[in-house]
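Just so you know, we're using our numbering here: the sequence shown kicks off at -2 and counts up by one.
By construction, the Cβ of each residue, glycine as well, lies at the ideal position given by its N, Cα and C atoms.
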Amino acid sequence: MRTIQAAAVSVVAGFLVACGGDMDLNEEGAVLTPAEAAQEAEAPSDEVSSQACTTLYRPRITTYWTSFPIEREGQLGRCVTANDCTVTCTGESSQYALHSQFFYCTYCP
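Right, here's the structure in full:
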């Protein structure tokens, strides 16, 4: 019985040593002090989290017209959507819009 207990204690102790705790390391590989860890956690990141991004289904081109049915010279304006979901518009918009070339774009705020 003592042999089983001693073996169990050795296995558990070895597991704890092998796995260790969740230690944060600095650039040199040394363990961070609590003050350094807090400062690093508060530092703003230049990276965008993939969880913050959204995939949208948008028209690549939107054209605005004076009326329906459209007339040859009746185009008022146009908007083009880029792959990052930014929209660039020229001219005027109206209630008579035609959307074309739908695609998926990824928007990251």
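Taking a 10 Å sphere around the C-beta of residue 51, we find fewer than 16 other C-beta atoms and assign the residue as exposed. 95 is the residue among 106, 95, 99, 70 whose C-alpha sits nearest the C-alpha of residue 59. Residue 90 has its alpha-carbon roughly 8 Å from the corresponding atom of residue 75. The residues 99, 101, in chain order, have a CB closer than 7 Å to that of residue 54 in the same chain once the five nearest residues on each side in sequence are set aside. Residue 65 is a Cβ neighbour of residue 93, given a cutoff of 8 Å.
Of the other Cβ atoms in all chains shown, 16 or more fall within 10 Å of the Cβ of residue 78; this residue is therefore buried.
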